[in-house]
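Contents: one structure, followed by commentary.
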């Protein structure tokens, strides 16, 4: 025998429509009635039909999260709290992984099977946000955005973090400073470099092209960049890396080159991933709250879905702080 919402309604002494609203936690139904309906549903082992709910509400309670770089240790640390926050808000998370935004099959996102989308690895050149806008699918940027007015995004104060590092290096007496930055078509790469350059310039320190490398936010970028920087006529005494993963590549390359960190070379990262604090690295870095970055993205997306977000866009910016550990030193 199949138990239906009509059976729950009879046991609870309410209408079938009230059952549907109560099981969606619709606040037009009193708390007492919602509780009575839940007890009746539990007594009958009633499980609401997701398909039926979708047809009646045009809501799937599903959120797609697009991540194009699962090899980067950064993303598991934001995907897990994102999942938990969405679940607490009554939504299921679907992880969509491709090598690029362009490889994401648009129709899979835009066929009304998702209530909203989190874009975790967007670039400034991605066409996917415009596609979502045209179809009326709510979305938010997580970590990276376009940097344009009207974005809905949960991001870090990347420019401020870059300024922090430049100030520390200047105070430590470093003048031959290098930067290994992310791709300029990402706001994280662009803005961390911008803040770093501006603060160095204010301190009277140049950053010539010969001491700048840009690439993907991955280990190989750091490992392959350091030998090139060391081959210059005046090799750097300090390197600022676009994220912790790049910095770990630099640390290993320094060992290969026979350098002592921080005696011979100061290395500073960005993000403060949990591995940055491992005893094997003890990486000096820039910290921001990874969990809150994800949680506020989830809350912002739900506000967009329910029509409560600012129609002009909302860009939520998390502060940064400098975390001194064992990979930086005063120039002697």
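Residue numbers (my numbering): 1306 to 1637.
Each residue gets a CB set at the ideal place from its N, CA and C atoms; glycine is no exception.
The three-state secondary structure of residue 1530, taken from DSSP, is helix. The residue from 1556, 1575, 1436 with its alpha-carbon nearest to that of residue 1568 is 1556. Sorting 1597, 1471, 1343, 1633 by C-alpha distance to the C-alpha of residue 1460 places 1597 at the top. In its chain, beyond the 5 residues on either side, 1553, 1556, 1580 have a beta carbon closer than 7 Å to the beta carbon of residue 1586. Taking C-beta separations shorter than 6 Å and ignoring five residues to either side along the sequence, the partners of residue 1607 in its chain run 1394, following chain order.
Taking residue 1628 as the centre and dropping the five residues before and after it, the same chain places the C-beta of 1577, 1590, 1592 closer than 6 Å to its C-beta, in chain order. In the DSSP annotation of this structure, the continuous segment of the alpha helix (DSSP H) that includes residue 1466 starts and ends at 1463-1476.
Here DSSP, grouped into helix, strand and coil, assigns residue 1394 to coil. Contact between the region 1430-1439 and the region 1458-1474 is absent: fewer than three C-beta pairs spanning the two stretches fall below 8 Å. Shortest Cα-Cα distance from residue 1322 to any of 1336, 1337, 1342, 1307 involves 1342. Between residue 1527 and residue 1488, the CB-CB gap reaches or exceeds 8 Å. Residue 1399 sits close to residue 1370, with the two beta carbons spaced by under 8 Å.
Annotation: the continuous beta strand (DSSP E) that includes residue 1620 extends over 1619-1623. Counting every other CB atom within 10 Å of its CB across the protein chains shown gives residue 1611 a total below 16, marking it as exposed.
Boundaries of the beta strand (DSSP E) around residue 1626: 1626-1628. Listed as beta-bridge partners of residue 1435 by DSSP are no residues whatsoever. In the DSSP assignment, residue 1339 falls within the unbroken alpha helix (DSSP H) covering 1336-1348. Secondary structure of residue 1480 (DSSP, three-state): coil.
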